[in-house]
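Residue numbers (the numbering used here): 32 to 371.
Read the structure below first, then the notes.
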């Protein structure tokens, strides 16, 4: 199960790592809004159409989970054959957040974050308790934009779980932006203005547990060789676990799509975080997981077949000309310190 463009991107990543320095590229804190400044009103269209929840989210008796998908896919494609199946089997309440105007999450991530902000607020009201937000790739990072620029959401979130999250962008993505690419890809470059703003002020917030799961063999999200890589978070007051799947299973080699779908090690770490106070603890994971091919909940026949279809879907979306723009979207006014 390999992405068809994996080998080309790995080669580009190796070359780019030699060429790029200071890849996190965060500017001075005075450039950006203070971390405690209230966020703006939500103006994205059809907010109410963006959230879909199981009935047991209302007055939930356990922590409900908001699922946020990756670039090039929607929630059904990313989680419908994996985590949604598992959560239904376990009786875990959950919601999915999708843009009703940008199904494949290729547009401006600042707009996408408005839907996530709306989802966090609505889920918190429905459940009457703090929630977990769990996502893959773009979806493993986008909730942090909400937490950074809409500070009222922070007390509503107990857990953040990122699976190959692009928390500091990726040095591989620029290869996809020659000569142009989708707005969401421009913004997930390691040196993008979006990434600088995302990590301005502080990366985490007190009272929230962060579990950031990554793979050293990820072909899209790099560098991710250790806990100083792009997915990992540091400082700010949050309770943080940065963990490579190889720390649990040294011989594991999941690529990018597997990490957010069928990978059993990622699933074990995510479930550990959801079923214990604080973030995941790799020491609690039974090493028998290393012998499994699929995460629990995934169908042994249709799961791999769906994954193959998903791989084709991702490749197709990356090549759609209609998604492409010549440069990164400008930062919204509310992101900056000078904004009224």
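Ideal placement from N, C-alpha and C gives every residue a C-beta, glycine not left out.
All figures in this text were calculated on a predicted structure; none of them were measured in a lab.
For the 8 angstroms CB-CB criterion, residue 261 and residue 310 do not form a contact. In this structure, DSSP gives residue 167 an extended state, which the three-state scheme calls strand.
Taken atom to atom, the span from the alpha-carbon of residue 329 to that of residue 176 is near 30 angstroms. Counting along the chain, residue 189 sits inside the beta strand (DSSP E) bounded by residues 188-194.
Distances from the alpha-carbon of residue 326 to those of 80, 114, 90 put 114 closest. At a cut-off of 4 residues, the continuous stretches assigned as alpha helix (DSSP H) that sit fully inside the stretch 88-134 are 106-110, 114-121. Judged by pairs of C-beta atoms under 8 angstroms, the stretch 145-163 does not touch the stretch 360-369, as fewer than three such pairs exist.
Proximity to residue 281 across 178, 252, 319 peaks at 319, based on C-alpha coordinates. For residue 153, the enclosing alpha helix (DSSP H) covers residues 140-158.
For residue 110, the CB contacts under 6 angstroms within the same chain, skipping 5 residues up- and downstream, are 98 in chain order. Here residue 90 is exposed: its Cβ has fewer than 16 other Cβ atoms, across all protein chains shown, within 10 Å. Within a 10 Å sphere around the beta-carbon of residue 298 sit 16 or more other beta-carbons, which makes this residue buried. For residue 68, the secondary structure class from DSSP, reduced to helix, strand or coil, is coil. By the neighbour-count criterion, in which a residue is buried when 16 or more other Cβ atoms sit within 10 angstroms of its Cβ, residue 350 is exposed.
Within the same chain, Cβ atoms closer than 7 angstroms to the Cβ of residue 120 are found at 328, the five residues on either side in sequence being excluded. Across the structure, residue 344 and residue 67 are spaced so that their CA atoms are roughly 40 angstroms apart. By the beta-carbon neighbour count (other beta carbons within 10 angstroms, threshold 16), residue 227 is buried. 8 angstroms or more divides the Cβ of residue 218 from the Cβ of residue 201. When Cβ pairs closer than 8 angstroms are counted between the two stretches, the stretch 73-80 is seen not to touch the stretch 242-253, the count staying below three. For the set 322, 313, 184, the Cα lying nearest the Cα of residue 243 is the one of 313. Excluding residues up to 5 positions away in sequence, 102, 136, 137, 138, 140, 169 lie with their Cβ nearer than 7 angstroms to the Cβ of residue 215 in the same chain. Taking C-alpha positions only, residue 190 is separated from residue 357 by approximately 36 angstroms.
Contact annotation, residue 368 with residue 155: C-beta distance approximately 28 angstroms; criterion of less than 8 angstroms not satisfied. In the assembly as shown, residue 69 is an exposed residue. Its beta-carbon has fewer than 16 other beta-carbons within 10 Å. Boundaries of the beta strand (DSSP E) around residue 242: 240-245. For residue 275, the uninterrupted beta strand (DSSP E) segment begins and ends at 270-275.
In this structure residue 332 is exposed. Its beta-carbon is surrounded by fewer than 16 other beta-carbon atoms within 10 angstroms. Burial check for residue 315: the Cβ neighbour count within 10 Å stays below 16, so the residue is exposed. According to the DSSP assignment, residue 305 belongs to the alpha helix (DSSP H) that extends over 295-306.
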